[in-house]
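Structure, as structure tokens:
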Amino acid sequence: MTGGIAILKLDDFGIVGRRATFMYMAVDLLTKLLGLKVCWGVMGERISMLKSDSRIIRMIKRFHRSGRHSFWNHGWTHSDCEFKCLGEESAIDHILKTQNVIAKIVGVAADTFGAPCNVYNEETKCALEKCGNIKYWFYGDGDFNGICFPFFRNLEGKYLKLESTLYHPDYERIRIVTQKVFVKGGGAVIQAHPAFWHLRDLFSFARCMIYLKIHGVKTKFPCELDKETVYTRFPKTIGECNE
Ligand SMILES: [Zn+2]
5 MTGGIAILKL DDFGIVGRRA TFMYMAVDLL TKLLGLKVCW GVMGERISML KSDSRIIRMI
65 KRFHRSGRHS FWNHGWTHSD CEFKCLGEES AIDHILKTQN VIAKIVGVAA DTFGAPCNVY
125 NEETKCALEK CGNIKYWFYG DGDFNGICFP FFRNLEGKYL KLESTLYHPD YERIRIVTQK
185 VFVKGGGAVI QAHPAFWHLR DLFSFARCMI YLKIHGVKTK FPCELDKETV YTRFPKTIGE
245 CNE
């Protein structure tokens, strides 16, 4: 089987400043040239503090109109791995506040959630199931009512990140995942943090994306995939691949 499926999960949209803004725009331009779709994780509280005519808000609207970008719920405060200790009621409150921020800007509710630091507790799952619009969960728990996208683990059960430390997109890891997963028709969520990049990280990301494109990998939004596709084509482990 050929034609792997990648979801570009770009975290921490909400960091502002010249460098972060430049990187958001660079990702837009690069993915436009390559015809790739992008999923941005919105930090609700930070975005809520921006004026409605600010550059970032206008950018979100423009990205949304292009049809190539989607926005998912990345929690409210993002502090201390936010959902680690939150009770169900507070978790619902944090999730819904960010849902409102996204809906107010782009006019539609987000359908996907991803916890800050990918850390959550049992209450998070209960909360998500009560936030009606959330149907997809990045690296979530398998018992969730909706669809969970798995985070790769190696055979020892250790998380296998697609970035090396300090948010550097790693060409070598993309190459390995492409060979072990994508060229066999499998799928994977690729996580990156453009807001924290330096130029060399942007170039590395560009190289990774060109590599995916050359290998016929298609980028999708979570809502374009059904449960069976995710559970049969997105592996949970990538055994031979070492961290
Ligand atoms: Zn984050």
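The numbering used here numbers the first residue of the sequence shown as 5 and each following residue consecutively. Backbone N, C-alpha and C define an ideal beta-carbon position, used for all residues, glycine too.
1. Does threonine 102 pass the burial test, meaning 16 or more other C-beta atoms within 10 Å, or should it be called exposed?
2. Report whether the distance from the Cβ of histidine 68 to the nearest heavy atom of ligand 1 is below 7 Å.
3. Verify the contact flag: glycine 48, CB atom, against every heavy atom of ligand 1, threshold strictly below 7 Å.
4. What residues in its chain sit with their C-beta under 6 Å from that of proline 120, if we drop five residues either side in the sequence?
5. Is it the case that the stretch 216-229 contacts the stretch 7-14, given that we only count it when at least three CB pairs across the two stretches are under 8 Å?
6. Spatial neighbours of glutamate 127 within its chain, please: C-beta separation below 6 Å, excluding the five flanking residues on both sides.
7. Taking 7 Å as the line, does the beta carbon of histidine 267 fall inside it for any heavy atom of ligand 1?
8. Check cysteine 245 in the structure and name its three-state DSSP category.
9. List the endpoints of the continuous beta strand (DSSP E) containing alanine 10.
10. From Arg72, Ala24, Ser58, pick the residue whose C-alpha is nearest to that of threonine 35; which is it?
11. When the Cα of isoleucine 60 is compared with those of Phe26, Asp145, Gly150, which residue comes out closest?
12. Do leucine 216 and isoleucine 180 have their C-beta atoms closer together than 8 Å?
13. Enumerate, from N- to C-terminal direction, the unbroken alpha helix (DSSP H) stretches of 4 or more residues contained entirely within the stretch 76-162.
14. Could you please go through the chain and list the residues whose beta-carbon is closer than 5 Å to any non-hydrogen atom of ligand 1?
15. Which residues in the same chain as tryptophan 201 place their Cβ atom closer than 6 Å to its Cβ, once the five residues preceding and following it in sequence are excluded?
16. Grouping DSSP H, G and I as helix and E and B as strand, with all else coil, what is tryptophan 172?
Short version:
1. buried
2. Checking the Cβ of histidine 68 against ligand 1 gives no.
3. no
4. Gly79, His82, Cys85, Glu86
5. yes
6. Correct list, in chain order: Gly91, Glu92, Ala95.
7. Any property of residue 267 remains undetermined from this structure, which presents the chain solely from 5 to 247.
8. Confidence is the limiting factor: at cysteine 245 the pLDDT is only 46, short of 50, which leaves the residue's position unreliable, though a coordinate-based value still follows. Note: cysteine 245 maps to coil in three-state DSSP.
9. Where alanine 10 is concerned, the enclosing beta strand (DSSP E) stretches over 9-17.
10. Arg72
11. Phe26
12. no
13. 92-110, 126-134
14. Those residues, listed in chain order, are Asp15, Asp16, Pro120.
15. Met27
16. Sequence inspection shows histidine at residue 172; the tryptophan mentioned does not correspond to that position. Residue state, collapsed to three classes: strand.
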